[in-house]
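**Student:** Submitted below is the structure of interest, expressed as structure tokens.
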Amino acid sequence: MSEPAATDRGTKDSAAATGPAAAAAAAASPAGPPEALGAAARRVRRHDPVPLAATVGITVIGGLVLAAMNGSYLGLTVTTGVGYAVVTVGMVLQLGYSRQLAFSQSVFMGVGAYGTGVLETKYGFNSVESLLAVIALAAVVSLLIGAVVTRAPGLALALATLLLPLFVYQLATYSSWLGSFSGIDGVLPFWTGPDYESTLVRSGIISVLLLGLAAGLVLRVMRSGIGLQLMAMAEDERLGESIGVSLRQRRLEVFVLGSVLAAVGGAVLASTQGLVTPDVLSESAEITLLLMVFVAGRKSVAGAIIGAIVIEYLTTSTSFISTNLGVFEGIVLLLVLLVEPDGVAGAVARLLGRRTDRWAGSLRSWSAGRFRAGGGGNGARNAT
Amino acid sequence: MPETPPEASAADGSGTAAPGTAAAPVVLACEGVTKSYGGVLAVDSVSLEVPRRGLFGLCGFNGAGKSTLFNLLAGSVRADSGSVWIDGLDATGWSAMHRARSGVARTWQTVRLAHGRTAVDNVAAACLRDPGQWMLGSLWRPQAAPARERAWAALESLGIGHLGARLVDGMTLEAQRLTELARALVSEPKVLLADEPASGLSAAQRTVLAEALTTISEDRAVVIVEHDLDMLMSISEHMWAMMEGRLAYSGDVETFRSSPVYASLRGIERA
């Protein structure tokens with residue numbers, strides 16, 4: 065805050081002035097007297113339009129952008145970025161908002177990608193059936209794994225999940241059923257068109273629809289009552305428990321939702337590229353995902369989407385970066401964590417906050433001056 | 271009253287009734303709770319009972335075991351031995367979450383609020399109508415708006431409704447403590463455990479807080495840990511004092527004033 069002194073003065077004055085009288089009113093009910101509840105109800109918006117607006121906005125804007133790209137290589141890059149964005153949106157809830165240190169997203173991205181590939185090429189599923197089956201599979205697998213690993217707090221959970229990509233990568237590369245190092249070819253697009261370009265555009269539109277739904281879902285959770293509980297337990301788990309939050313239940317739910325979204329992202333990647341390779345499961349895939357989330361802002365859904373698409377664009381369109389991907393990712397991730405842990409979105413929010421504070425301070429001073437000039441009493445207090 | 275074991279509270283004297291029954295209106299009790307960290311005995315076989323209404327003070331030197339006792343009562347820490355009773359039910363094995371949902375609310379020695387969030391959000395987190403709701407259920411049965419309404423009302427009832435939309439980071443310590451108090455009260459608990467609520471506040475702010483706590487205690491039990499003995503004794507109807515992990519005093523305020531424990535806490539040399 066740019067003007068902490070002014071803020072503090074106003075707070076102190078106001079709280080001290082109204083406290084004792086108001087505390088007497090608390091006797092009837094700590095939730096407040098009926099008239100207070102009525103005033104409060106007028107202040108709270110009952111319906112939250114943001115999640116639905118995000119779903120519609122992402123689908124419409126994303127669809128228009130992909131249609132404008134008309135199946136070009138850039139369109140393929142953006143659609144691939146959309147696949148990663150579905151994963152990173154889940155990571156915002158898991159890593160950023162709930163501070164759940166789980167590094168198993170690449171594994172579940174692999175579950176989605178390989179699940180789609182296997183079901184479509186070996187069992188004849190169409191893309192809708194395989195997507196639904198993959199969601200169900202990821203939910204069950206993450207429920208089973210999560211029931212064990214989410215019992216471990218903080219760093220123990222991080223270590224437990226960090227080992228998963230190593231194990232699953234080995235499994236995929238040694239399994240001939242999963243195509244070994246070559247992976248699985250011939251994965252169906254979400255929506256086939258008469259030619260490659262129109263297929264890419266149509267599948268891209270389905271992909272942005274899935275991204276819109278994922279973003280709406282995550283925003284809905286973050287802005288719900290459960291989001292408030294997640295906020296409290298992310299700050300301090302003992303605090304969360306002391307206000308009645310079931311840590312085990314919430315940890316497991318966040319793990320499952322993040323994992324299911326990672327699987328959906330994997331399915332988008334497989335359908336967009338038409339093949340699945342073990343790279344999707346590798347530890348470098350996990351680092352790429354972390355980079356996408358942390359550079360743009362681990363707490364921002366919009367940041368996670370933009371981060372995924374921009375990083376995907378940079379890594380595929382710039383030969384220098386794609387050749388030295390590991391070095392590039394390592395340096396950028398290190399810089400972000402050291403300089404701005406909340407990423408670009410955090411920096412922008414802070415800058416905007418400072419500017420808003422400055423405007424608010426100027427407005428307070430101006431209105432206080434007007435009040436005093438007009439013969440008012442304690443202008444500062446009234447302005448507060 | 272407070273130092274008697276739970277069985278002795280039963281009116282029929284059978285020894286089978288638990289505290290909190292109709293005959294023994296005790297909302298929270300512990301019996302012989304002990305907790306040690308390494309070789310240090312933090313709480314040593316403490317037994318006490320908290321009646322359903324009123325304001326009760328718990329004092330003692332730093333390290334006497336007051337906060338540890340609060341942690342044991344609220345379930346944040348498990349006791350090595352002994353039992354805890356809430357509303358007549360054996361809550362010894364209950365988690366902090368279960369105890370909170372059963373009506374035990376608390377505030378902390380150092381303020382614990384979610385940074386970067388508003389006061390109203392911090393309070394609303396504690397008053398969901400269905401705190402165990404599954405995440406999927408929250409998609410079509412939202413709880414945030416009614417919780418925020420109750421949070422606004424709770425903040426207003428403590429005189430800081432106008433600060434509801436502010437981020438807690440920029441608020442004064444007094445406002446933060448009142449926000450924490452609103453969060454503890456918004457769930458309408460049966461008992462409030464307030465750990466040094468006046469710590470860091472000015473004399474004027476302490477007066478505000480004391481009045482608020484007194485009012486709150488009219489329809490629920492409030493137990494306060496506090497180093498400000500004058501404030502504590504001016505508002506409490508019963509005092510407990512802890513020394514080296516043990517309950518050294520339990521009784522009314524006037525008797526406490528003439529006790530050696532009080533003199534020791536005041537640092538008075540007795541003739």
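Chains as they are written, first to last, in the numbering used here: chain R, 65 to 448; chain G, 271 to 541.
We treat Cβ as the ideally placed atom computed from N, Cα and C, and that holds for glycine.
All values reported here derive from a predicted model rather than from experimental measurement.
Under 8 Å between the Cβ atoms of L325(G) and G386(G)?
**Tutor:** Mapped onto the second sequence, residue 325(G) falls at position 55. Mapped onto the second sequence, residue 386(G) falls at position 116. In terms of Cβ geometry, L325(G) and G386(G) do not form a close pair [threshold 8 Å].
**Student:** Alpha carbon to alpha carbon, how far is L292(R) from V285(R)? Give it in angstroms, no decimals.
**Tutor:** Taking the first sequence and counting its residues from 1, the one referred to as residue 285(R) is at position 221. Taking the first sequence and counting its residues from 1, the one referred to as residue 292(R) is at position 228. Roughly 9 Å between the two C-alpha positions.
**Student:** Let's see if you can read the secondary structure: which residues bound the alpha helix (DSSP H) around W422(G)?
**Tutor:** To locate residue 422(G), count along the second sequence from 1; it is residue 152. Unbroken alpha helix (DSSP H) run through W422(G): A414 to S427.
**Student:** Along chain C, which residues have their Cβ under 9 Å away from the Cβ of L342(G)?
**Tutor:** Judged by its chain identifiers, the structure shown contains no chain C, and its protein chains are R and G.
**Student:** Using a 10 Å radius around the Cβ and a threshold of 16 neighbouring Cβ atoms, would you call S336(G) buried or exposed?
**Tutor:** In the second sequence, counting from the first residue as 1, residue 336(G) sits at position 66. One point to set straight first is that residue 336(G) is Lys, not Ser, in the sequence displayed. Buried is the call here.
**Student:** Identify the residues that DSSP records as bridge partners of K378(G): which are they?
**Tutor:** Within the second sequence, the letter at position 108 stands for residue 378(G). Correcting the residue identity first, residue 378(G) is Trp in this sequence and not Lys. In the DSSP output, where bridge partners are listed per residue, W378(G) has none listed.
**Student:** Have a look at E350(R) and R110(R) and give me their C-alpha separation to the nearest angstrom.
**Tutor:** Numbered from its first residue, the first sequence carries residue 350(R) at position 286. Numbered from its first residue, the first sequence carries residue 110(R) at position 46. Approximately 39 Å between the Cα atoms of the pair.
**Student:** Quick one: what's got a C-beta closer than 7 Å to M501(G)'s C-beta in the same chain, skipping five residues either side?
**Tutor:** Position 231 of the second sequence, counted from the first residue, corresponds to residue 501(G). For M501(G), where only same-chain residues beyond five positions count, the Cβ hits under 7 Å are A468, R476 and A480.
**Student:** Closer than 7 Å by C-beta to D498(G): which residues in its own chain qualify, once you throw out the five before and the five after it? Chain order, please.
**Tutor:** As a working mapping, residue 498(G) is identified with position 228 in the second sequence. Within the same chain, D498(G) has close Cβ partners A468 and R476.
**Student:** Tell whether a beta-carbon distance below 8 Å holds between R215(R) and R302(R).
**Tutor:** The residue given as residue 215(R) occupies position 151 in the first sequence. The residue given as residue 302(R) occupies position 238 in the first sequence. Their beta carbons are not under 8 Å apart, which means R215(R) does not touch R302(R) by this criterion.
**Student:** From S93(R) to A117(R), what does the alpha carbon distance come to, in whole angstroms?
**Tutor:** Stepping through the first sequence from its first residue, residue 93(R) is reached at position 29. Stepping through the first sequence from its first residue, residue 117(R) is reached at position 53. Reliability of the predicted coordinates at S93(R) is poor, the pLDDT of 44 falling under 50, and the value obtained from them is presented with this limitation in mind. Each residue's alpha carbon lies about 37 Å from the other.
**Student:** Closer than 7 Å by beta-carbon distance: list the chain R residues that pair up with A473(G), in chain order.
**Tutor:** Residue mapping note: residue 473(G) aligns to position 203 of the second sequence, counting from 1. Within 7 Å of the CB of A473(G), no CB atom of chain R is found; the nearest one sits about 11 Å away.
**Student:** Hey, quick one: how far does the alpha helix (DSSP H) through K336(G) stretch, first residue to last?
**Tutor:** Translated into positions along the second sequence, residue 336(G) becomes position 66. Residues K336 to A344.
**Student:** Report the residues of the segment 405-427 of chain G with a CB closer than 7 Å to any CB of chain R, ordered along the chain.
**Tutor:** M405, S408, L409, P412, Q413, A414, A415, A417, R418, E419, R420, W422, A423, A424, E426 and S427
**Student:** Who are the near neighbours of L535(G) in its chain, counting only those whose CB is closer than 6 Å to its CB and skipping five residues on each side?
**Tutor:** Taking the first residue of the second sequence as 1, we reach residue 535(G) at position 265. Correct list: empty, nothing qualifies.
**Student:** Go ahead and pull the three-state DSSP assignment for E393(R).
**Tutor:** Taking the first residue of the first sequence as position 1, residue 393(R) is located at position 329. Helix, per DSSP.
**Student:** According to DSSP, simplified to helix, strand and coil, what is G521(G)?
**Tutor:** The residue you call residue 521(G) lines up with position 251 of the second sequence. DSSP, read as helix, strand or coil, puts G521(G) in strand.
**Student:** Which of helix, strand or coil does DSSP assign to A296(R)?
**Tutor:** For the purposes of this step, residue 296(R) is identified with residue 232 of the first sequence, where counting begins at 1. A296(R): helix per DSSP, three-state reduction.
**Student:** So, are the CB atoms of L425(G) and A389(G) less than 8 Å apart?
**Tutor:** As a first step, residue 425(G) must be located in the second sequence, where it is residue number 155. As a first step, residue 389(G) must be located in the second sequence, where it is residue number 119. Contact flag set, yes.
**Student:** Going by beta carbon distance, what residues of the same chain come within less than 7 Å of A296(R), once the five residues before and after it are set aside?
**Tutor:** Taking the first residue of the first sequence as 1, we reach residue 296(R) at position 232. The answer, listed in chain order, is L303, G304, I307 and V309.
**Student:** Take P163(R) as the anchor and find which of T141(R), F189(R), R362(R) and A334(R) has the nearest alpha-carbon.
**Tutor:** Here residue 163(R) refers to the residue found at position 99 of the first sequence. Reading the sequence as shown, one finds Arg at residue 163(R) and not Pro. Minimum Cα distance to R163(R) is reached at R362(R).
**Student:** Where does A299(G) fall in DSSP's three states?
**Tutor:** Counting from 1 along the second sequence, the entry for residue 299(G) is found at position 29. Three-state DSSP puts A299(G) in a strand.
**Student:** Counting only beta-carbon atoms, is S310(R) nearer than 8 Å to chain G?
**Tutor:** The residue you call residue 310(R) lines up with position 246 of the first sequence. Yes, contact with chain G.
**Student:** Assuming V340(R) contacts Y178(R) under a Cβ cut-off of 8 Å, what Cβ separation, rounded to an integer in Å, is found between them?
**Tutor:** As a position in the first sequence, residue 340(R) is number 276, starting the count at 1. As a position in the first sequence, residue 178(R) is number 114, starting the count at 1. Contact flag correct, Cβ pair sits at about 6 Å.
**Student:** Just to confirm, is the Cβ distance from I125(R) to L275(R) under 8 Å?
**Tutor:** Counted from its first residue, the first sequence places residue 125(R) at position 61. Counted from its first residue, the first sequence places residue 275(R) at position 211. No; because the gap between Cβ atoms is not below 8 Å, this pair is not in contact.
**Student:** Cα separation between V151(R) and G268(R)?
**Tutor:** Numbered from its first residue, the first sequence carries residue 151(R) at position 87. Numbered from its first residue, the first sequence carries residue 268(R) at position 204. Distance between the alpha carbons of V151(R) and G268(R): 16 Å.
**Student:** Taking just the CA atoms, how far does A331(R) sit from G96(R)?
**Tutor:** Residue mapping note: residue 96(R) aligns to position 32 of the first sequence, counting from 1. Residue mapping note: residue 331(R) aligns to position 267 of the first sequence, counting from 1. The predicted position of G96(R) is uncertain, since its pLDDT is 47 and thus under 50; no value can be drawn from it.
**Student:** Residues of the segment 277-289 of chain R with a CB closer than 9 Å to any CB of chain G: list them in chain order, please.
**Tutor:** L281, R284, V285, R287, S288 and G289
**Student:** Ordered along the chain, which non-local residues of its own chain (more than five positions away) have a Cβ less than 6 Å from that of T123(R)?
**Tutor:** Position 59 of the first sequence, counted from the first residue, corresponds to residue 123(R). Counting only Cβ-Cβ distances below 6 Å, and skipping sequence neighbours, we find V272, L273 and G276.
**Student:** Quick one: is D391(G) near chain R, going by C-beta distance under 8 Å?
**Tutor:** Here the question's residue 391(G) lines up with position 121 in the second sequence. Interface residue, yes.
**Student:** Could you tell me the distance, in whole angstroms, from the CA atom of A544(G) to the CA atom of G431(G)?
**Tutor:** Residue 544(G) cannot be examined here, being either before or after the span of chain G that is shown, 271 to 541.
**Student:** If T352(R) and I375(R) are in contact, beta carbons under 8 Å, what's the gap, nearest whole angstrom?
**Tutor:** Along the first sequence, one-based indexing puts residue 352(R) at 288. Along the first sequence, one-based indexing puts residue 375(R) at 311. T352(R) to I375(R), Cβ: 7 Å. Contact.
**Student:** Could you tell me which residues DSSP puts in a beta bridge with H508(G)?
**Tutor:** Here residue 508(G) is taken as the residue at index 238 of the second sequence, counted from 1. Note: H508(G) sits in a beta bridge opposite F326(G).
**Student:** Let me know the secondary structure DSSP gives M441(G) once reduced to three states.
**Tutor:** The sequence position of residue 441(G) within the second sequence is 171, counting from 1. Coil at M441(G), not helix or strand.
**Student:** Would the beta-carbon of G210(R) fall within 8 Å of that of F319(R)?
**Tutor:** Residue mapping note: residue 210(R) aligns to position 146 of the first sequence, counting from 1. Residue mapping note: residue 319(R) aligns to position 255 of the first sequence, counting from 1. Contact: yes.
**Student:** Looking at the secondary structure, which residues open and close the alpha helix (DSSP H) in which S335(R) lies?
**Tutor:** For the purposes of this step, residue 335(R) is taken as residue 271 along the first sequence, with counting starting at 1. Run containing S335(R): L311 to Q337, per the alpha helix (DSSP H) assignment.
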